[in-house]
Amino acid sequence: MSKNKHIGSSFDEFLDSEGLLETSAAVAVKRVIAWQVAEAMKAAKVSKSALAKRMQTSRSQLDRVLDETDTGLTLDTLSRAATALGYRVQIDLVAPKAPARKTRKETSDSHA
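Written out as structure tokens, the structure is:
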């Protein structure tokens, strides 16, 4: 009986093995950024056209900021959008999680 190579691995390990981890992470980050900008626009009651004008850019450029699948957002554009809404950008690098350590029972079960 063949064992599934992904059983027991994390979802991140699966995405990495399929070559999708970096792309998935970028899309996830962009989805959060697009949502945060849209929510800030709602809170400030600012339309797309008004925000584009405040950013001194086109509405189509703003649409790219709000497009959750477009991961080509530059820090300059993000910063201008945040500033135009009265916010600032804060970016942190986060160390990867250490792999989960197996318990004694899991270790002994894998040798059985």
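The sequence shown begins at 1 in UniProt numbering and counts up by one. Beta carbons are placed, not taken as given, at the ideal position from N, Cα and C, and that holds for glycine. In this text, all values refer to a predicted model and were calculated from it rather than measured experimentally.
How far does the alpha helix (DSSP H) with residue i in it extend, from its first residue to its last?
{"i": "T77", "result": "L75 to A84"}
{"i": "S60", "result": "R59 to L66"}
{"i": "L93", "result": "Segment: none, L93 is in no alpha helix (DSSP H) and carries neither H nor E."}
{"i": "K53", "result": "K48 to M55"}
Are there 16 or more other CB atoms within 10 angstroms of the CB of residue i, so buried, or fewer, so exposed?
{"i": "S37", "result": "Correcting the residue identity first, residue 37 is Val in this sequence and not Ser. Buried, by the Cβ-count rule."}
{"i": "A28", "result": "exposed"}
{"i": "L85", "result": "buried"}
Within the same chain, show all residues whose beta-carbon is closer than 7 Å to that of residue i, passing over the 5 residues directly before and after it, in chain order.
{"i": "A98", "result": "none"}
Which same chain residues end up closer than 8 Å to residue i when comparing Cβ atoms and leaving out the 5 residues on each side of it in sequence?
{"i": "K48", "result": "M41, R59, L62, D63 and L66"}
{"i": "L73", "result": "K30, I33, R64 and V65"}
Identify which residue in the options has its Cα closest to the Cα of residue i.
{"i": "I91", "options": "S24, V32, T23 and E13", "result": "V32"}
{"i": "A52", "options": "L78, V89 and E22", "result": "L78"}
{"i": "V46", "options": "P96, A25, A81 and L73", "result": "A81"}
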